[in-house]
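Going by my numbering, the first residue of the sequence shown is number 391, and it counts up by one from there.
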Amino acid sequence: MPTQPKSLPAVLIGVLRDVDFGHHLESLAITFTVSVVQTLLVFGLRVDSWMHETANFLRHYESASDVARIPINLVLAIAFTLNLLIVVIARRPKQVLING
Numbered sequence: 391m392p393t394q395p396k397s398l399p400a401v402l403i404g405v406l407r408d409v410d411f412g413h414h415l416e417s418l419a420i421t422f423t424v425s426v427v428q429t430l431l432v433f434g435l436r437v438d439s440w441m442h443e444t445a446n447f448l449r450h451y452e453s454a455s456d457v458a459r460i461p462i463n464l465v466l467a468i469a470f471t472l473n474l475l476i477v478v479i480a481r482r483p484k485q486v487l488i489n490g
């Protein structure tokens, strides 16, 4: 006798039950930290210069129109996504490779 297909909410709950949200949150936190450290390295680890330039960026970003923010948002999203990809790849479980 064929079984009834599960409803979509039941399938989603089953999938979400198996997701380790703690691991993903840790990856996001590590990615954010890596992004901040990268911007510090750009300024030669001079925190005062970094804070000044970050404040200038935020001031100009806030006053910009929505259309002017699109390229900035794209660059920031791409940079964060690439950092996240590197962190996720580095944190994946190591698998033993068996030849033969």
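In this text, a Cβ means the ideal position worked out from N, Cα and C, and glycines have one as well.
Asked	Found
Where does S425 sit, in a helix, a strand or coil, going by DSSP?	helix
Okay, do the stretch 457–469 and the stretch 412–424 touch, 3+ Cβ pairs below 8 Å being the bar?	no
Whole angstroms are fine: how far does the CA of Q485 sit from the CA of I479?	12 Å
Buried or exposed for T423, going by 16 or more other Cβ atoms inside 10 Å?	exposed
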